[in-house]
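The structure appears right after this line, and notes come after that.
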Amino acid sequence: MSSIPSLTSLAKSAGCAAKIAQTDLVKALNHLPRSDDPNLIVDHTGSDDAAVYRLTAELALVETVDIFPPIVDDPFDYGRIAAANALSDIYAMGGKPISALSFVGWPVDVLGMDQLGSVLKGAASICSQAG
Numbered sequence: 001m002s003s004i005p006s007l008t009s010l011a012k013s014a015g016c017a018a019k020i021a022q023t024d025l026v027k028a029l030n031h032l033p034r035s036d037d038p039n040l041i042v043d044h045t046g047s048d049d050a051a052v053y054r055l056t057a058e059l060a061l062v063e064t065v066d067i068f069p070p071i072v073d074d075p076f077d078y079g080r081i082a083a084a085n086a087l088s089d090i091y092a093m094g095g096k097p098i099s100a101l102s103f104v105g106w107p108v109d110v111l112g113m114d115q116l117g118s119v120l121k122g123a124a125s126i127c128s129q130a131g
């Protein structure tokens with residue numbers, strides 16, 4: 001039986017260090033057309049943590065997607081950190097989290113489903129605390 005490698009051993013860089021440089025991201029996003037939708041309050045043209053779309057005069061939707069390689073080896077803790085990091089983008093925009101989706105790229109043949117389950121449980125624990 002082979003042993004399961006540590007999470008961080010499979011990552012070339014950890015956390016936000018794995019993201020492309022801000023200047024490169026801006027260059028890539030400049031290829032997108034600018035929306036003329038008056039309800040789009042915050043779009044890709046700024047350096048904000050999320051997009052904001054007005055639903056009514058008093059209500060707006062804050063949307064974000066966040067993904068990064070593990071910075072710890074414990075799958076449960078990694079899930080907790082990932083969820084807290086994603087939630088922080090909502091809070092940074094003045095939003096209140098009401099739902100979440102998990103966006104996962106996972107080497108099932110290397111780490112297995114139990115490890116992934118632990119990551120998801122960790123993320124769910126933080127989302128539950130957020131309400």
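Going by our numbering, the residue at position 58 of the sequence shown is 58; the numbering climbs one at a time, nothing skipped.
Yeah, the Cβ is synthetic: ideal placement off N, Cα and C, and Gly gets one too.
Whole-angstrom distance between residue j and residue i, CA atom to CA atom
i, j, result
"residue 75", "residue 66", "17 Å"
"residue 78", "residue 29", "29 Å"
"residue 44", "residue 97", "20 Å"
"residue 1", "residue 112", "Confidence at residue 1 is low in this model, with a pLDDT of 44, below 50, so its placement is unreliable and the value that follows should be read with caution. Spanning the two alpha carbons is a distance of roughly 13 Å."
"residue 35", "residue 55", "16 Å"
"residue 33", "residue 62", "20 Å"
"residue 59", "residue 53", "9 Å"
Residue i vs residue j beta-carbon contact at 8 Å
i, j, result
"residue 6", "residue 73", "yes"
"residue 102", "residue 87", "no"
"residue 107", "residue 11", "no"
"residue 4", "residue 115", "yes"
Distance between beta carbons of residue j and residue i, contact taken as under 8 Å
i, j, result
"residue 19", "residue 68", "7 Å"
is_contact[residue i, chain B] using C-beta, thresh 8 Å
i, result
"residue 31", "Reference to chain B is not applicable here, since this structure consists of a single protein chain."
Sufficient close CB pairs (3 or more, under 8 Å) joining the segment 32-46 to the segment 80-87: no
contact_flag[the segment 41-51, the segment 88-95] where n(CB pairs < 8 Å) is 3 or more: yes
Every unbroken beta strand (DSSP E) inside the segment 39-113 [3 residues or more]: 40-42, 51-54, 60-63
Complete beta strand (DSSP E) runs within the segment 2-33 (minimum length 3 residues, chain order): none
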